[in-house]
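**Q**
Residue numbers (the working numbering): 31 to 433.
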């Protein structure tokens, strides 16, 4: 009897019907908004595309379509798939400029890819079209600073009618730096722009040799790793006292968008200086890959470019492995680390690991790996080119020390 009653109840109370799919442009647009709020990016894009087809002149739909495309591109951007992200931001711009937001993100993408001229052009266009936004002139000023065109950065920010605090603070920084470098001379070569103090005679006499060392490093890195700068790199040649103001104690060279070299007596230091030049140049071209690269990878490649001996590094790395140190312990910014022994151990591990990769997979793998890094970041690049994740490679590397 109970079973019969349940059956009767089910027959009398049918299951609720599934909601019918959107039909009008407004319904598709609302479905897209709901999907976007839930983080359903692909479905939201599909909805806005349907809405756009039905309401091609509706600006709200165009803005929403732009934002869906931009959100998907941001995912690529954060996961270091920069070429894909750039295409996505450009598609978002075509859908709607949305107060310049997708164009600004595209400009930042271009900058990370080392395409500074294109990034600068886009930032300046945005500043012209959206003069009340603070981000475009700040981005343009940063690019001018990277290129040591500080006067242009200052002029740009000075012309802003109602500057924000960020604008005023950045302009003050640029003015201070402009004053500091005002007396420096510039020499140019095929791939470099070199700034130096004309009152430092020892440095002045060494500039032609330093430029030749820089070009030699460029040739060697290009032939071995398939890496070249996308535009001339700025090199600041500093006396040792000036350099110490800007770098950690243990550093002889530094790259922060501009190569900084510490020079005293070139003839006495030329061997070490050439090593430093190669090291810092490697950082510069790795930076232009666009991907966020961990310190161990950057420093391992940079030391490999130096042709640094493995003997001492291997001994230190064996000690690190015996102490339970792995790549996971080498994360973060090494310039903030205290204790030279810890830094030396990290450098040694990274050098040995990178050299092991070359021995295992061959030098021909580097150009393929770097191209993949440019497309999708380090982790996915190692999986696609080398067939293993970084952690799996580290396990194999550590195991090789016990063989």
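Cβ coordinates follow ideal geometry from the N, Cα and C atoms, glycine included.
(1) Select from 212, 268, 253 the residue whose C-alpha is nearest the C-alpha of residue 303.
(2) Drop a sphere of 10 angstroms on the beta-carbon of residue 209, count the other beta-carbons inside from all chains shown, and report buried for 16 or more, exposed for fewer.
(3) In whole angstroms, what separates the C-alpha of residue 56 from that of residue 135?
(4) Report the partner residues of residue 268 according to the DSSP bridge assignment.
(5) With DSSP run on the structure shown, which of helix, strand or coil describes residue 255?
(6) Give the secondary structure of residue 192 by DSSP, where H, G and I count as helix, E and B as strand, and everything else as coil.
(7) Do residue 326 and residue 383 have their beta-carbon atoms positioned less than 8 Å apart in this structure?
(8) Can you tell me where the beta strand (DSSP E) holding residue 97 begins and where it ends?
(9) Check whether the segment 351-363 and the segment 401-414 are in contact - that is, three or more C-beta pairs closer than 8 Å.
(10) For the segment 293-378, list the alpha helix (DSSP H) runs that are entirely contained and at least 4 residues long, ordered along the chain.
(11) What's the call for residue 366, buried or exposed, on a 16-neighbour Cβ count within 10 Å?
(12) Can residue 91 and residue 81 be called in contact, C-beta distance under 8 Å?
(13) Pick from 216, 224, 227, 171: whose alpha carbon is nearest that of residue 200?
(14) Suppose you measure from the CA of residue 374 to the CA of residue 368; what does that come to, to the nearest Å?
(15) Write down every uninterrupted run of the beta strand (DSSP E) in the segment 207-232 whose length is 3 residues or greater and which is fully enclosed by it, in chain order.
(16) Taking residue 312 as the reference, give the member of 329, 324, 296 with the closest Cα.
(17) What are the partner residues of residue 263, as DSSP defines its beta bridges?
(18) Is residue 411 helix, strand or coil when you go by DSSP?
(19) Assuming residue 440 contacts residue 154 under a Cβ cut-off of 8 Å, what Cβ separation, rounded to an integer in Å, is found between them?
(20) For residue 201, which of helix, strand or coil comes out of DSSP?
(21) Might you give, ordered along the chain, the residues of its own chain that have their beta carbon closer than 7 Å to the beta carbon of residue 234, omitting 5 neighbours on each side?
(22) Hey, out of 349, 261, 290, whose CA is closest to residue 318's CA?
(23) Is residue 161 helix, strand or coil by DSSP?
(24) Would a C-beta distance cut-off of 8 Å place residue 323 and residue 307 closer than the cut-off?
(25) Which residues in the same chain as residue 194 place their Cβ atom closer than 6 Å to its Cβ, once the five residues preceding and following it in sequence are excluded?
(26) Give the straight-line distance between the Cα atoms of residue 281 and residue 388, rounded to the nearest whole angstrom.
(27) Output yes or no for whether 8 Å exceeds the beta carbon distance between residue 78 and residue 129.
(28) If you check the beta carbons only, do residue 146 and residue 187 fall under 8 Å apart?
(29) With residue 142 as the anchor, note down where its alpha helix (DSSP H) starts and where it stops.
(30) Hey, out of 266, 218, 247, whose CA is closest to residue 207's CA?
(31) Which residues in the same chain have their Cβ closer than 7 Å to the Cβ of residue 343, if we skip the five residues on either side of it in sequence?
(32) Taking the alpha-carbon positions, what's the residue 287 to residue 314 distance?
(33) Taking the C-alpha atoms as reference points, what is the distance between residue 63 and residue 95?
(34) How far does the alpha helix (DSSP H) with residue 60 in it reach, from first residue to last?
(35) For residue 401, I'd like the list of residues in its chain whose CB is within less than 8 Å of its CB, leaving aside the five on either flank, ordered along the chain.
(36) Relative to the C-alpha of residue 376, which residue among 54, 349, 391 is closest?
**A** Per the coordinate set shown:
(1) 268
(2) Exposed.
(3) 29 Å
(4) 292
(5) helix
(6) Per DSSP, reduced to three states, the secondary structure at residue 192 is coil, with no helix or strand assignment.
(7) yes
(8) First-last for residue 97: 89-108, but that is the alpha helix (DSSP H), not the beta strand (DSSP E).
(9) no
(10) Correct list: 296-317, 325-336, 341-352.
(11) exposed
(12) yes
(13) 171
(14) 11 Å
(15) Within the segment 207-232, the complete beta strand (DSSP E) runs of at least 3 residues are 215-218, 222-226.
(16) 329
(17) 222
(18) Helix, per DSSP.
(19) The question about residue 440 has no answer, for the chain in this structure spans 31 to 433.
(20) Three-state DSSP puts residue 201 in a helix.
(21) 226, 228
(22) Distance from the Cα of residue 318 is smallest, within the candidate group 349, 261, 290, for 261.
(23) coil
(24) no
(25) 164
(26) Since pLDDT at residue 281 reaches only 41, below the 50 mark, its modelled position is unreliable, and the value read off the structure follows with that caveat. In this structure, the CA atom of residue 281 is about 26 Å from the CA atom of residue 388.
(27) No, the pair does not count as a contact, with Cβ atoms beyond the cut-off.
(28) Not closer than 8 Å, so no.
(29) Unbroken alpha helix (DSSP H) run through residue 142: 131-142.
(30) 266
(31) 378, 381, 382
(32) Distance between the alpha carbons of residue 287 and residue 314: 7 Å.
(33) 10 Å
(34) Under the DSSP assignment, residue 60 falls in the alpha helix (DSSP H) whose first and last residues are 55-67.
(35) So the qualifying residues of the chain are 256.
(36) 349
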